[in-house]
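Peer 1:
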Amino acid sequence: MTSLHTLLREQRGRYVWGVRAGDESLLSWQVGDPHLHLEPGRTPEGFERRWAELRGRWQVAVLDGRARLGGPVGDLELTAEGEDHEDADEHLQLLAGQALVDFDLEPTRLVLRFDLGCELEISGEYALVRASAGDDRVAEWAAGSGAPR
74 MTSLHTLLRE QRGRYVWGVR AGDESLLSWQ VGDPHLHLEP GRTPEGFERR WAELRGRWQV
134 AVLDGRARLG GPVGDLELTA EGEDHEDADE HLQLLAGQAL VDFDLEPTRL VLRFDLGCEL
194 EISGEYALVR ASAGDDRVAE WAAGSGAPR
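Adding 73 to a residue's 1-based position in the sequence shown gives its number in the working numbering.
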């Protein structure tokens with residue numbers, strides 16, 4: 074498995090887009106130029122189907138924990154406690170279009186800094202981040218695990 078440090082280093086200077094709260098993760102986003110991802114399959118009724126979606130070169134998801142986004146319109150905190158994240162859209166859309174410039178990857182927290190002033194801190198006892206790249210590399214980081222995985 075690739076380290077999260079390696080995948081984040083590759084993302085420096087690349088633009089974030091498709092930022093979403095909820096939808097199977099606390100927070101997720103795409104990084105890098107979009108491309109069409111196609112996946113063939115079958116419906117439950119047995120019909121052939123092709124799933125199509127836009128993806129970035131990298132996909133990042135905060136699966137659990139606490140995410141604090143600081144930016145020009147104030148701070149936003151998201152937790153996995155099942156809250157309604159609809160009010161978060163204004164804050165989250167400020168992250169879209171920003172480029173990752175720096176990050177701190179520590180045993181108990183991950184801090185991402187972006188070029189237009191946003192800072193995203195991920196922490197919490199059960200914090201879990203998964204990043205993947207278009208070439209099938211996957212990296213995970215879990216708070217308190219001692220070292221990034």
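Where is the CB? At the ideal position from N, CA and C, for every residue including glycine. These numbers were taken from a predicted model, which means no experiment stands behind them.
Just the Cα atoms here: how many angstroms apart are V202 and R182?
Peer 2: Taking the sequence shown and counting its residues from 1, one reaches residue 202 at position 129. Taking the sequence shown and counting its residues from 1, one reaches residue 182 at position 109. Cα to Cα, V202 sits roughly 10 Å from R182.
Peer 1: What does the Cβ neighbour count give for A212, buried or exposed, with the cut at 16 atoms within 10 Å?
Peer 2: In the sequence shown, residue 212 corresponds to position 139, counting from 1. By the 10 Å Cβ count, A212 comes out buried.
Peer 1: Would S101 count as contacting chain C if we go by Cβ distances under 8 Å?
Peer 2: The structure shown has no chain C; it contains just one protein chain.
Peer 1: Return the Cβ separation of E192 and R186 in integer angstroms, given the expectation that the two are a contact with Cβ distance under 8 Å.
Peer 2: Along the sequence shown, read from residue 1 onward, the residue named residue 192 stands at position 119. Along the sequence shown, read from residue 1 onward, the residue named residue 186 stands at position 113. About 5 Å; that satisfies the 8 Å criterion.
Peer 1: Can you tell me whether Q166 is buried or exposed? The criterion is at least 16 other CB atoms within 10 Å of its CB, across all chains shown.
Peer 2: The count along the sequence shown starts at 1 and reaches residue 166 at position 93. Exposed, because fewer than 16 other Cβ atoms sit within 10 Å of the Cβ of Q166.
Peer 1: How do the stretch 140 to 152 and the stretch 115 to 126 stand: do at least 3 beta-carbon pairs fall below 8 Å, yes or no?
Peer 2: They do not touch, by the three-pair rule.
Peer 1: List the DSSP bridge partners of Q103.
Peer 2: Along the sequence shown, one-based indexing puts residue 103 at 30. According to DSSP, Q103 bridges with W90 and Q132.
Peer 1: Going straight from the alpha carbon of D162 to that of G170, what length do you get?
Peer 2: If you number the sequence shown from 1, residue 162 lands on position 89. If you number the sequence shown from 1, residue 170 lands on position 97. If you take the alpha carbons of D162 and G170, they lie about 14 Å apart.
Peer 1: What three-state label does DSSP hand L127 in the structure shown?
Peer 2: Translated into the one-based positions of the sequence shown, residue 127 becomes position 54. Reduced to three states, the DSSP call for L127 is strand.
Peer 1: Checking the sheet assignment: what are the DSSP bridge partners for L178?
Peer 2: For this step, residue 178 is matched to residue 105 along the sequence shown. According to DSSP, L178 bridges with L183.
Peer 1: Under three-state DSSP, which class holds R82?
Peer 2: As a position in the sequence shown, residue 82 is number 9, starting the count at 1. Residue state, collapsed to three classes: helix.
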